[in-house]
Amino acid sequence: MDWGYIQNVLPLYGKAAWLTLRTGAAGILLAAIVGLLCAAASHWRVPVLRRITSAYVEISRNTPLLIQLFFIYYGLPKIGIRTRPEACGILGLAFLGGGYMAEAFRSGIEAVDRIQEESALSLGLTRLQTFLHVILPQAAAISAPAFMANVVFLMKETSVFSAVSLMDLMFTAKDQIGLYYRTAENLFLLVGAYLLILLPLSMLGSVWERRLRYAGFGT
Amino acid sequence: MPDLGLEVLWKGKNFARLLGGLWVALRISLIAALISVAAGILLGVLASRKHSVFSAILQVWLGIIHIMPQMVLLFLMYFGTTRAFGWNLSGETAAIIVFSLWGTAEMGDLVRGAVSSIPAIQRESAEALGLRPIQVFRFVILPQAVRRLIPLSINLITRMIKTTSLITLIGVVEILKVAQQIIEANRKASPNAAFGVYLTVFVLYYLACRPLSLAAKHLEKHWG
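Quick mapping for you: the protein sequence lines, in order, are chains A and B.
Under our numbering, the first residue of the first sequence carries the number 402, and numbering increases by one thereafter.
Under our numbering, the first residue of the second sequence carries the number -7, and numbering increases by one thereafter.
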């Protein structure tokens, strides 16, 4: 292990980790929004939209992110839709994650007792108020473990971003190994960087899950 | 109608080549799935006793597999072993090893979960009836555990198939690589080939995974 070399490339890895975090966070946020909208559409049984969202969920969950990215990045420009690499990564992650998030939220919403909704409606709350103030808070507690599992899963999925020429951690490691043959140092940095990002995230998930269970939710 | 570049597929053997590429990916996941199911059942049954050595091994193993992206694991296996042990693994072998390590841990965890989710009274009743431990396992625990297990293991295989798309990045010539070759070769004649060919790859992956996840969903409802 050549520590001098590691010190030299550390800023490169810092930059790459920041890119992974940034695009990952943006993609996950978008995915959560898409997922919530899909779950709402299926909860309210919106006629056409419900069909579309359920088809979308099936498509996004049954295809790999890498293929989705290739289609967005190399396929879509041929019919005039162009995206920059970073936007492409975020879009792809949102497309994939939306399906997973929709399932997480949907199962949470379904687990809330029907009587909760009926009571709220009979108290005179509108359907939107019922959803936002009665169903969603309870569903959120139930969905939390699945949601956090999805967050970690999606953050890990960002490791294919290098395929659409984003200079993320994988790209940096591959590039450095190709240039200098410093395999050991770069693999060490690669694993270290991912641990630094993913370990706190997954620990946060289990702490949160335990607290929810402690509060009596999600059982 | 804009040119979608779909005509490339019907030229020569292009479509058959794409299917061949898909088969390379499917074959790797099938081999890894077979290894994982066999090894995972063994590990899971051994680990289903709390506080045993195997349950500790499984925990650590799962922790490592869960925290690292598959891409990084493939990378470590492909480049790391060359550097550390001087092995010269082909991309395909590296992929099978990584997927088997991953699948065995996940499958082991599923088996452990399924076996320990069966109420203790089942085992106790069977023992009270005079069944030997092996008989208890064979006739009481196993049939119940398998019902919970099958949908979950189908889902695992589906995930494995989706993950095989990554192996193109460690140099295995599978469907995505074949797609690139076709697009490259027809750059002049069909400049829009990228759209049609990548769309086809997308649809093919969907067609490979959708029946499996549908079956898993159906079995879960049916048996759950």
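Even glycine gets a Cβ: it sits at the ideal position worked out from N, Cα and C.
Everything numeric in this text was worked out from a predicted model, so none of it was measured.
Same chain, Cβ closer than 7 Å to residue i, five either side skipped, listed in chain order
i	result
Ile142/B	Leu211
Tyr406/A	Arg583 and Glu586
Val561/A	Leu466, Leu467 and Leu470
Phe187/B	Leu(-4) and Gly(-3)
Glu504/A	Val458
Val565/A	Leu470, Tyr474, Pro486, Cys489 and Gly490
Glu(-1)/B	Ser182
Delimiting residues of the alpha helix (DSSP H) encompassing residue i
i	result
Asn463/A	Note, Asn463/A: premise wrong, no alpha helix (DSSP H); not H, not E.
Met69/B	Per DSSP, Met69/B belongs to no alpha helix (DSSP H) and is neither H nor E.
Gly536/A	For the record, residue 536/A in the displayed sequence is Ile; it is not Gly. Per DSSP, Ile536/A belongs to no alpha helix (DSSP H) and is neither H nor E.
Asp101/B	Gly83 to Ser108
Asn184/B	Segment: none, Asn184/B is in no alpha helix (DSSP H) and carries neither H nor E.
Ala564/A	Unbroken run through Ala564/A: none, as it is neither H nor E.
Ile407/A	Trp404 to Trp445
Thr573/A	Leu570 to Tyr581
Ser145/B	Leu134 to Thr155
Glu519/A	Arg515 to Ser523
Ile510/A	Pro486 to Ala512
Thr73/B	Thr73 to Phe77
Lys479/A	It is not in any alpha helix (DSSP H) - Lys479/A carries neither H nor E in the DSSP assignment.
Leu(-2)/B	No alpha helix (DSSP H) holds Leu(-2)/B; DSSP gives it neither H nor E.
Arg124/B	Note, Arg124/B: premise wrong, no alpha helix (DSSP H); not H, not E.
Ile162/B	Taken as a continuous stretch (DSSP letters only), Ile162/B belongs to no alpha helix (DSSP H), as it is neither H nor E.
Arg130/B	No alpha helix (DSSP H) holds Arg130/B; DSSP gives it neither H nor E.
Closer than 8 Å to chain C by CB, residue i
i	result
Thr85/B	No chain C is present in this structure, whose protein chains are A and B.
Contacting residues, own chain, Cβ-Cβ under 8 Å from residue i (five flanking each side not counted)
i	result
Leu18/B	Ile153, Thr156 and Ala200
Arg41/B	Ser47
Arg115/B	Val128, Val132 and Ile133
Thr73/B	Trp79, Leu81 and Ala86
Leu66/B	Ala86, Ala87, Val90, Leu158, Ile159, Leu161 and Ile162
Leu605/A	Met549
Span separating the alpha-carbon of residue i from that of residue j
i	j	result
Val52/B	Ser523/A	51 Å
Glu511/A	Ala540/A	8 Å
Glu119/B	Ile110/B	15 Å
Leu555/A	Arg483/A	23 Å
Gly32/B	Leu148/B	12 Å
Leu590/A	Leu430/A	27 Å
Thr160/B	Trp419/A	26 Å
Asp(-5)/B	Leu494/A	28 Å
Asp569/A	Tyr581/A	18 Å
Ser182/B	Leu437/A	40 Å
Val552/A	Ser455/A	21 Å
Ala427/A	Val37/B	41 Å
Val535/A	Phe506/A	14 Å
Phe496/A	Ser461/A	6 Å
Pro61/B	Glu558/A	7 Å
Gly13/B	Val64/B	23 Å
Phe91/B	Leu35/B	16 Å
Gly476/A	Lys575/A	25 Å
Ile146/B	Ile598/A	30 Å
Ile49/B	Ile167/B	36 Å
Leu613/A	Leu537/A	15 Å
Tyr474/A	Asn6/B	22 Å
Lys393/A	Ser563/A	There is no way to answer for residue 393/A, as the model of chain A reaches only from 402 to 620.
Pro448/A	Ala432/A	23 Å
Phe194/B	Ile453/A	18 Å
Leu411/A	Thr573/A	11 Å
Ile543/A	Asn409/A	46 Å
Lys169/B	Ala24/B	21 Å
Trp94/B	Ser28/B	8 Å
Met69/B	Ser603/A	24 Å
Arg446/A	Cys439/A	10 Å
Val435/A	Tyr198/B	21 Å
Lys3/B	Thr424/A	39 Å
Residues of its chain near residue i, where Cβ-Cβ distance is below 6 Å and the 5 sequence neighbours each way are ignored
i	result
Ala594/A	Tyr414, Ala418 and Leu570
Leu450/A	Ala442
Leu54/B	Ala97 and Asp101
Glu610/A	Pro546
Ala171/B	Val189 and Val193
Ile578/A	Thr584 and Asn587
Gln517/A	Val535
field: Length at least 4, wholly inside the stretch 12 to 65 of chain B: the alpha helix (DSSP H) runs in chain order
entry: 45 to 59
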